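First the structure, in the form of structure tokens, and then the observations on it.
So, in structure tokens, the structure goes:
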């Protein structure tokens, strides 16, 4: 009994370790942010150490030199976790001999479930249990069949997803699909990734919106999708980490993850039953606020002292050689200034003109809100409020031409009313 218990533990650790080692090797070369930008697949629910299952090919898979080397490394790594005394046991030696055989390598060249691996070892004389999936199922469900508990598990997963604020799958926006048709997309994404790497995600996106708004929208959408997928994966990891849920999974899906009979397809069915997710919150609001100059060309902001002017005085724009706040302290420009005058420094604001104020007509904002997304509306209003209608429209023509046309038309309409 003691020997059999050791073998069960030994095999469990062995198989799970092989899967962990494989994951560790893959993690050494993680995908770049560029490869994540337009990912739209559902999250995989293969969140525990059990091996995954893929459709079996009718042809015998070919053992490559790389696969053979990888298998040898994984066996060596697994052996390092056991003491010499444990490895010297006859059962352990018999199992490792089977695992190191070319026959086992050919067998696992196609992904196999945990039960299939146990069956392989049992067929060749190893003292391991058969029908492993039902043995695990019975640990938490002494009576009944796995199918009897499917409605309960479906409801529990649905509740967990809803509690996390996760919605059902959404269609890929047409503007994103249009971007995918661009033959230079990967080059542009590589450049976008470099921008985000240099300035960080928020400012990098702001700069991208200023130069290529369509691409920036695609990058932002892709990053939001990646965040949503990771949120789903976190819920699934927690769900399957529950011992009772895991035991049901092994009994119901028999270790299969992929394919029509796998747990991934079942998870996607549950996701499809959710209401569509709420629109993602924009990663930033103002496309102009807080932009720092390029690192290769840092400049210092010019400021003027906030000094009241007399009726005879005129306010002039700053000259190019105006002292900076870092170099010279502010001082009054009027010889009649009193010691009590306010000498605080304030950022330079755009010059005003006859048409510098935005229309107060509610129709102005209403029309824009109805025609454009909240993200685009907020960016447009920030630019108009910050720079005034004339300069704001000019900037919008560079960053959002469609919005600029609509704003310009509404401004002209308002002027005609006045």
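Numbering (my numbering), first residue to last: 54 to 471.
Note that CB positions come from ideal geometry on N, CA and C, so glycine has one too.
Here the structure is a predicted model, which means the values were calculated and not measured.
Q) So, helix, strand or coil for residue 221, using DSSP? A) Strand at residue 221.
Q. Taking all protein chains shown into account, do 16 or more other C-beta atoms lie within 10 angstroms of the C-beta of residue 243, making it buried, or fewer, making it exposed?
A. Burial call: exposed.
Q.
Judging by CA-CA distance, which residue of 147, 187, 206 and 253 is the nearest neighbour of residue 177?
A. With respect to the C-alpha of residue 177, the residue from 147, 187, 206 and 253 having the closest C-alpha is 147.
(Q) I'd like to check one pair, residue 467 with residue 430: are the Cβ atoms closer than 8 angstroms? (A) Taking 8 angstroms as the cut-off, the beta carbon of residue 430 is found no closer than this to the beta carbon of residue 467.
Q: Would you mind stating whether residue 288 and residue 230 have Cβ atoms separated by less than 8 angstroms?
A: No.
Q. For residue 141, which three-state DSSP category applies?
A. Correct three-state label for residue 141: coil.
Q: Please determine if the region 163–179 and the region 293–311 are in contact, where contact requires at least 3 C-beta pairs separated by less than 8 angstroms.
A: The region 293–311 and the region 163–179 touch, with three or more beta-carbon pairs separated by less than 8 angstroms.
Q: Following the continuous alpha helix (DSSP H) through residue 203, name the residue where it begins and the one where it ends.
A: For residue 203, the enclosing alpha helix (DSSP H) has its first and last residue at 203–216.
Q: Please specify which runs of the alpha helix (DSSP H), each continuous and at least 4 residues long, are wholly inside the region 240–278, giving them in chain order.
A: Segments of the alpha helix (DSSP H) lying fully in the region 240–278: 254–264.
Q: Can you have a look at residue 266 and say buried or exposed, based on whether 16 or more other CB atoms are within 10 angstroms of its CB?
A: Label assigned to residue 266: buried.
Q: Between the Cα of residue 154 and those of 326, 128, 436 and 136, spot the shortest distance and give me the residue it belongs to.
A: Selected option, being the one with the closest Cα: 128.
(Q) Given a cut-off of 8 angstroms on the beta-carbon distance, is the pair residue 303 and residue 189 in contact? (A) Contact: yes.
**Q.** Span separating the alpha-carbon of residue 149 from that of residue 295
**A.** Using only the alpha carbons, I get a separation of about 31 angstroms.
Q: Using three-state DSSP, classify residue 327 as helix, strand or coil.
A: Note: residue 327 maps to coil in three-state DSSP.
Q.
Would the region 312–330 count as touching the region 212–227 if we require 3 or more Cβ pairs under 8 angstroms?
A. Yes: the two stretches touch, three or more of their Cβ pairs being nearer than 8 angstroms.
Q: Please determine, among 442, 249 and 239, the residue with the shortest C-alpha to C-alpha distance to residue 276.
A: Taking each of 442, 249 and 239 in turn and checking the Cα distance to residue 276, the smallest one comes out for 249.
Q) How many angstroms separate the CA atom of residue 142 from the CA atom of residue 285? A) Taking C-alpha positions only, residue 142 is separated from residue 285 by approximately 43 angstroms.
Q.
Considering only their Cβ atoms, is the gap separating residue 262 from residue 133 smaller than 8 angstroms?
A. Not in contact: residue 133 and residue 262 (Cβ atoms no closer than 8 angstroms).
Q) In the structure shown, what three-state DSSP assignment does residue 294 receive? A) The answer is helix: DSSP assigns residue 294 an H, G or I state.
**Q.** Residue of 316, 433 and 268 minimising C-alpha distance to residue 234
**A.** Sorting 316, 433 and 268 by C-alpha distance to the C-alpha of residue 234 places 268 at the top.
Q. Cα separation between residue 161 and residue 259?
A. Answer to the nearest angstrom: the Cα atoms are 48 angstroms apart.
Q: Just the C-alpha distance for residue 202 and residue 245, rounded to the nearest angstrom, thanks.
A: One alpha carbon belongs to residue 202, the other to residue 245, and they sit about 48 angstroms apart.
Q: Give me the Cα-Cα distance between residue 291 and residue 216, rounded to the nearest whole angstrom.
A: So the alpha carbons of these two residues sit roughly 13 angstroms apart.
**Q.** Classification of residue 197 by the beta-carbon crowding that lies within 10 angstroms, buried from 16 upward
**A.** By the 10 Å Cβ count, residue 197 comes out exposed.
**Q.** Span separating the alpha-carbon of residue 185 from that of residue 208
**A.** Spanning the two alpha carbons is a distance of roughly 26 angstroms.
Q) Does the beta-carbon of residue 199 have 16 or more other beta-carbons within 10 angstroms, so that it is buried, or is it exposed? A) Residue 199 is buried by the Cβ-count criterion.
**Q.** CA-to-CA distance, residue 256 to residue 164, given in whole angstroms
**A.** Cα-Cα distance, rounded: 43 angstroms.
(Q) Taking its Cβ as the centre, do 16 or more other Cβ atoms sit within 10 Å of residue 446, making it buried, or is it exposed? (A) Under this definition residue 446 is a buried residue.
Q. What is the residue span of the alpha helix (DSSP H) that residue 168 lies within?
A. Element bounds for residue 168: 167–176.
Q: Note down the Cα distance separating residue 156 from residue 273, rounded to an integer number of angstroms.
A: Straight across, the Cα-Cα distance linking residue 156 with residue 273 is about 48 angstroms.
Q: Check each candidate in 320, 424, 419 and 421 and name the one with the smallest Cα separation from residue 210.
A: Answer by Cα proximity: 320.
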